[in-house]
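Colleague:
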Amino acid sequence: MSQWEPKIVAFLCSWSSYPGADYAGLTRLAYPPNIRIIKVPCAGRINPKFILSALRRGADGVWISACHPGDCHYLEGNLYARRKFALMKSLLEHTGIEPGRVHFSWISATEGHKFADVAKEVVSSAKALGPAKHMIKKEAEVA
Amino acid sequence: MQGYTERIQEAARRLLADKRVDVVIGFRKGTVPFMNEPFLAKNLDQVRQLHWDGNCGINLANYLPKRTDRIGIVAKGCDSRNIVVHLLEYQIKREQLYILGAPCRGMIDRRRILASLDGRDPSSAEEKDGVIKVVGSDFEVTLDRQEYLQENCSICIHRNPVIFDELLAEPVPEQQDVDRYPDVRQVEAMSPEQRWVYFDDLIKTCIRCYACRNACPLCFCPTCFVEESRPQWVGKSIDPTDVRTFHFLRAYHVAGRCTDCGACERACPVGIKMRQFTKKLEKDIKELYGYEAGVISDQRPPLDTYRPDDPQQFIK
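In order, the protein sequence lines correspond to chains Y and L.
Note that the numbering used here has the first sequence beginning at 1, numbered continuously upward.
Note that the numbering used here has the second sequence beginning at 144, numbered continuously upward.
1. Which runs of the alpha helix (DSSP H) at least 4 residues long sit entirely within the stretch 414-457 of chain L? Give them in chain order.
2. Using 7 Å as the limit for Cβ to Cβ distance, is L/P335 near chain Y?
3. In chain L, which residues lie with their C-beta within 8 Å of the C-beta of Y/L26?
4. Is there at least one Cβ from chain L nearer than 7 Å to Y/R36's Cβ?
5. Assuming L/T388 is part of the alpha helix (DSSP H), what are its boundary residues?
6. With a Cβ-Cβ cutoff of 7 Å, do Y/A43 and Y/A81 count as a contact?
7. Does the distance between the C-beta of Y/L55 and the nearest non-hydrogen atom of the ligand GTP fall short of 6 Å?
8. Exposed or buried, L/V321, counting other C-beta atoms within 10 Å across all chains shown (16 or more means buried)?
9. Touching or not, the stretch 413-421 of chain L and the stretch 31-51 of chain Y, by the rule of three or more beta carbon pairs under 8 Å?
10. In whole angstroms, give me the CA-to-CA distance for L/P314 and Y/K138.
11. Under 8 Å by Cβ, that's how I've got Y/M135 and Y/L55 pegged, so tell me the actual separation to the nearest angstrom.
12. Report buried or exposed for L/S334, applying the criterion of at least 16 other Cβ atoms within 10 angstroms of its Cβ.
13. Could you tell me the boundaries of the alpha helix (DSSP H) in which L/E269 lies?
14. DSSP has L/P181 in a bridge; who is on the other side?
15. Just curious, the alpha helix (DSSP H) that Y/H113 is in, first and last residue?
16. Using the Cα positions of Y/A59 and Y/K133, report the straight-line distance between them to the nearest angstrom.
17. With distances taken between CB atoms, is the gap from Y/K39 to L/F457 smaller than 7 Å?
18. Do L/R150 and L/L311 have their CB atoms nearer than 7 Å?
19. What is the residue span of the alpha helix (DSSP H) that L/V217 lies within?
20. For the stretch 23-38 of chain Y against the stretch 113-128 of chain Y, are there 3 or more C-beta pairs whose distance is under 8 Å?
21. Smallest Cα separation from L/A358: which of L/Q455, L/L345, L/V397?
22. With a 10 Å radius around its C-beta and 16 neighbouring C-beta atoms as the bar for buried, classify L/Y233 as buried or exposed.
23. Can you pull the chain L neighbours of Y/A82, defined as C-beta to C-beta under 9 Å?
24. Interface residues of chain L around Y/V123 at Cβ under 8 Å?
25. Here's a check: name, in chain order, each residue in its chain whose Cβ is nearer than 6 Å to the Cβ of Y/A109, leaving out the five neighbours to either side.
26. Mapping DSSP to helix, strand and coil, what is Y/R36?
27. Applying a beta-carbon distance threshold of less than 7 Å, which residues of chain L neighbour Y/R56?
28. Taking C-beta pairs closer than 7 Å, name the residues in chain L that Y/P33 reaches, listed in chain order.
29. For L/V278 and L/K379, I'd like the C-alpha separation in whole angstroms.
30. Pull the bridge partners of Y/I8 from the DSSP assignment, please.
31. Under a three-way DSSP split, which group does L/H229 fall into?
32. Taking Cβ to Cβ, would you say L/R237 is nearer than 7 Å to L/L230?
33. Only counting the same chain, and skipping five residues up and downstream in sequence, which positions put a Cβ closer than 7 Å to that of Y/H113?
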């Protein structure tokens, strides 16, 4: 178990948080390599099913990041998403998913430092919780 | 609720005779006690089958989407709220509807009554003045109606229809000072692991029959997420993760739309209390956005709108 590293699925909006990750790289900031990035056009594109799907496939953490309110490239995608995510996170936690598994953040294209900081926080909270044990779909084992 | 049957039949006869509507959606008496069935009266001969008592718990708003004719519909408080949701979601046009509002004193939970009979078979039941008289071949018991209401009815705060063209009776007094969420708070107080176990226990008997979905007036998508195959979000098995995913998404799907009519629990053949999922969302939406589903007909549903200052403490 000492070898275990959490797998984090990160859904990043292509206008802010994805360039934010780029910027963190350009400024040579170190952040944990546990993050698998999936680029999406907008926070509004993220269906709550995506989050469940990641958890079902064994993600130890899910991180969703998008533009700050008011900065959305599509003007209001993140504002609709904010309501969706508030309820999603609340219901996930109400039904027994640990609060440290699912994270949300606003990160703009120039906030490389914030990106690295939140990445560290997301990974360390997943590490503290240990490997995900709930919601994982066990596939039939084929000999 | 005495006298409703006559009022419904009178109104249906009038509406059909005047060609004001093409069909009247109501209930007729079922073949076994405590089980009334939805009934669509399309001509004057069928009107006398229309019936009303405390076993009309099915949500009739479920029969509205995609209809193109003119409809008379009997609506309790919850049915009328679901009609409002349908109007907001463009599933039916107001001018198609003639709503017969039925002020409601709660519907009977047949399971609890049957359980109280210790296996004896009732052959008929009658409601009068707040009591239910259950008669079987070798017994007769009288039960207090208030004690045997469906759980959602006993905490209902919208018993009178919110939208109607005519009322079948004088409005009933709304229940005051109802605590709608003691059970939700109890779960909230648990640790994550306890909550996981609690919901595991809750849904472990699920056979994935989708009766809850089919009884739900909100479920009208052309392709339900459980039937999507590319990508397949939910496996079709009774694997615990698939069952969990189904119940989670079903509840999430009705967020901000669910009126807590109890149709899902009523339909469930194994008695799962799936309202535990939806009630949490209902509580959150009330606390975060101050919205109650189906009460105001000119306000967009909470997930179809936003406010610039929505709560966002959970976002880093």
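Cβ atoms here follow ideal geometry from the backbone N, Cα and C, with glycine treated the same way.
Modeller: Reading off the structure:
1. Fully contained in the stretch 414-457 of chain L are the following alpha helix (DSSP H) runs of length 4 or more, in chain order: 418-432.
2. Yes, its Cβ sits closer than 7 Å to a Cβ of chain Y.
3. By Cβ distance, chain L contributes nothing, its closest Cβ being about 22 Å from Y/L26, past 8 Å.
4. Not closer than 7 Å to any Cβ of chain L, the Cβ of Y/R36 fails to qualify, so no.
5. Looking at the DSSP string, the run of the alpha helix (DSSP H) that includes L/T388 is 383-396.
6. Going by C-beta atoms, Y/A43 is nearer than 7 Å to Y/A81.
7. No copy of the ligand GTP appears in this structure; indeed no ligand is present at all.
8. With fewer than 16 other beta carbons inside 10 angstroms of its own, L/V321 counts as exposed.
9. Because the criterion of three Cβ pairs below 8 Å is not met, the stretch 413-421 of chain L and the stretch 31-51 of chain Y do not touch.
10. Distance between the alpha carbons of L/P314 and Y/K138: 53 Å.
11. Sure, about 4 Å apart at Cβ, within 8 Å.
12. Residue environment for L/S334: exposed (fewer than 16 other C-beta atoms within 10 angstroms of its C-beta).
13. Run containing L/E269: none in the alpha helix (DSSP H); it sits in the beta strand (DSSP E), 265-271.
14. Paired residue(s): L/F170.
15. Segment 112-129, the alpha helix (DSSP H) holding Y/H113.
16. Between the C-alpha atoms of Y/A59 and Y/K133 there is a straight-line separation of about 10 Å.
17. Not a contact, by the Cβ cut-off of 7 Å.
18. Yes, Cβ-Cβ distance for L/R150 and L/L311 is below 7 Å.
19. From DSSP, L/V217 is part of no alpha helix (DSSP H) but of the beta strand (DSSP E) over 214-218.
20. The stretch 23-38 of chain Y, when compared against the stretch 113-128 of chain Y, does touch it at the 8 Å Cβ threshold.
21. Nearest Cα to L/A358 within the set L/Q455, L/L345, L/V397: L/V397.
22. Around the beta carbon of L/Y233, fewer than 16 other beta carbons lie within 10 angstroms, which makes this residue exposed.
23. Per the sequence presented here, residue 82 of chain Y reads as Arg, with Ala not at that position. Annotation: Cβ neighbours of Y/R82 in chain L (cutoff 9 Å, chain order): Y449, D453, P454, Q455, I458.
24. Listed along chain L, no residue sits closer than 8 Å to Y/V123 by beta-carbon distance, the nearest being about 13 Å off.
25. Hits under 6 Å: S16, P19, G20.
26. Of the three classes helix, strand and coil, the one that applies to Y/R36 here is strand, per DSSP.
27. Around Y/R56, the beta-carbon contacts reaching into chain L at under 7 Å are T384, T388.
28. What Y/P33 touches in chain L: nothing, since even the nearest Cβ is about 20 Å away.
29. Straight-line Cα distance between these residues: approximately 42 Å.
30. Beta-bridge analysis with DSSP links Y/I8 to Y/I35, Y/G61.
31. Helix, per DSSP.
32. Taking 7 Å as the Cβ cut-off, L/R237 and L/L230 qualify as a contacting pair.
33. For Y/H113, the CB contacts under 7 Å within the same chain, skipping 5 residues up- and downstream, are L29 in chain order.
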